[in-house]
Structure formats: C-alpha cells, structure tokens
DNA sequence: TTGACATGCCGTACTTTTACTGCATAAAGG
DNA sequence: CCTTTATGCAGTAAAAGTACGGCATGTCAA
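Protein chains in written order, with our numbering: chain A, 4 to 105; chain B, 4 to 105.
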C-alpha cells in the first residue's frame, strides 16, 4: 500500500461531512449531486452549497471511495469500498499491542 | 464513537510523517523527542526540525495514539493503540459491500 | 429554438496544517 | 555559577482544506 493512497483514504475519512455522505450513499446508491445536497438538509438539517458538496464528492472520488456512473446528464455517485480500502483503513491494526486483560 | 474523536484519529493517520513515527515507535517504545528526530534522519534520511516533530507528536498525543511518560526531564513517547482506535480504524468496514467474487 | 436542469471551472475568503526560527524555562553536571 | 540538554511557547510563512458565488457548458424536453 502506497503512502499516497493511504493519505488520500485517511484524508477522505477525516471529515465528518464526508463520513456523513458515505453513510448516506450506503443507504441509497446512485445519487446525484443535488440529491446528496437535499439529503443533507433533509436528514441532518445542514444546508451545504452545491459547490461544497461537489468538492467533498471529488475528494471521495479521488480516494476511489465512490464510483461514478453517468445517466444522461446526471452524474450518479455510489459507494465503492474495495479490499484495498479495507486494507488501508485497518492499517493501524498491525500496531495493536495484543496481550493485557480485556 | 464521536465525530470529534474520529476526526482526530483519521487526521492523525492522514500524514505519512506521522505514520512513519508510529511505525518507529512500534519498533522502539519510550523514545524522546530527540530520539524520534534522530531516527527520522538515520532511517529515512529526512531531517525534520525539533519543533516539527514535536508538533506531529502532539497531534498523535491528542488522538491518544501515544502515551507520555516523563523520565526525569525527558518526555518519552510510546505507542498506545486501544480498542477505541481499532474501532475507529475499522469504521469503513461496516460499509463494505459483501458478495462478489474475490 | 428556447428554457430548465446538472455539472464543471474560476476566483475569493477564511481557517487549518505544516515547517520553521527564536527565545524562555527547567534540570542535571562540571 | 555556568554550560549543556530537553522541553515549551510565541510568532512567521507557505501550503492545503473548507465553503461559497458567479459564469460557462452541455443536455434533455417542450
């Protein structure tokens, strides 16, 4: 696993807005930009501009966490968690000191 | 798991310099600030100022990833990965789509 | 063709992060 | 006492991250 890839994945996960988007996309895939915006207001009461959400989705896209499929003029976003992501996310586990009670 | 805590942990892990420090501390615990600096130069050939390393260690400390023990006038840093950290690191796993070959 | 819709790119403002220099403080040793 | 050693704090500067408005482009449908 390359440093660059780990950077992208951890950075993508280090923002609560993006984690909320991930959670939202997991419940309903293939959402457009506007659907994500609308859901943010409807479910969390957080009104974010189109550009802001677009930027967050771009970060997730660069980390390959969302898959893009164009349907006509609509760009749909779906969650795409791969083995590579799981490997990256569990990077810390190899440093867990085992032993101790608990 | 609170958003604030997840933020701190993922942010702490999203920098390759900090990941290198974690790796270093896992091999040799109870290192002082200067030892981490020296090891950075010796093992990776990266010369970082004392203050820069200090700041990185502070980020790891705020995420509770390192434990501080004072020995005389020396502040020693050791890795301290808890169940909470593991839980945070595996945050992404609950979104993994199972199924598919592989 | 025209209008409405969805996205993309450019620029701005504010905040945070990263890396650094310099100075101050406190403890141990000669 | 004075020097060395280890840390802490303040301040600076460049870069990146976050959030936004405006304008342009492309597409679907009436």
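C-beta: ideal position from N, C-alpha, C; glycine also.
Check: Identity of the residues DSSP links to residue 81 (chain A) by a beta bridge; Outcome: A:70
Check: Residues of the stretch 79-97 of chain B with Cβ closer than 9 Å to any Cβ of chain A, in chain order; Outcome: 82, 83, 84, 85, 86, 88, 89, 91, 92, 93, 94, 95, 96, 97
Check: Cβ neighbour criterion (16 or more within 10 Å) applied to residue 52 (chain A); Outcome: exposed
Check: Inter-residue Cα distance where the pair is residue 18 (chain B) and residue 10 (chain A); Outcome: 6 Å
Check: Chain A within 8 Å of residue 117 (chain B), Cβ atoms only; Outcome: Residue 117 (chain B) is absent from the structure shown; chain B starts at 4 and stops at 105.
Check: Boundaries of the alpha helix (DSSP H) in which residue 54 (chain A) is found, first to last residue; Outcome: 53-65
Check: Neighbour list for residue 34 (chain B) in chain A, Cβ cutoff strictly below 9 Å; Outcome: Simply none; closest approach about 15 Å.
Check: CB contact below 8 Å: residue 37 (chain B) versus chain A; Outcome: no
Check: N-terminal and C-terminal residue of the alpha helix (DSSP H) that residue 18 (chain A) is part of; Outcome: Unbroken run through residue 18 (chain A): none, as it is neither H nor E.
Check: is_contact[residue 6 (chain A), chain B] using C-beta, thresh 8 Å; Outcome: yes
Check: Three CB pairs or more closer than 8 Å across the stretch 70-77 of chain A and the stretch 54-65 of chain B; Outcome: no
Check: Beta-carbon proximity of residue 21 (chain B) to residue 82 (chain B), cut-off 8 Å; Outcome: no
Check: Reduced DSSP secondary structure (H/G/I, E/B, other) of residue 100 (chain B); Outcome: coil
Check: Per-residue DSSP class, three states only, for residue 34 (chain A); Outcome: strand
Check: Same chain, Cβ closer than 6 Å to residue 107 (chain B), five either side skipped, listed in chain order; Outcome: Because chain B in this structure spans residues 4 to 105, residue 107 (chain B) falls outside the shown range and cannot be described.
Check: Contact under 8 Å by Cβ, residue 131 (chain A) with residue 4 (chain A); Outcome: Residue 131 (chain A) lies beyond the stretch modelled for chain A, which goes from 4 to 105, so this question has no answer here.
Check: Test: residue 14 (chain A) CB closer than 8 Å to a CB of chain B; Outcome: yes
Check: Burial state of residue 39 (chain A), where buried means 16 or more other Cβ atoms lie within 10 Å; Outcome: buried
Check: Classification of residue 37 (chain A) by the beta-carbon crowding that lies within 10 angstroms, buried from 16 upward; Outcome: exposed
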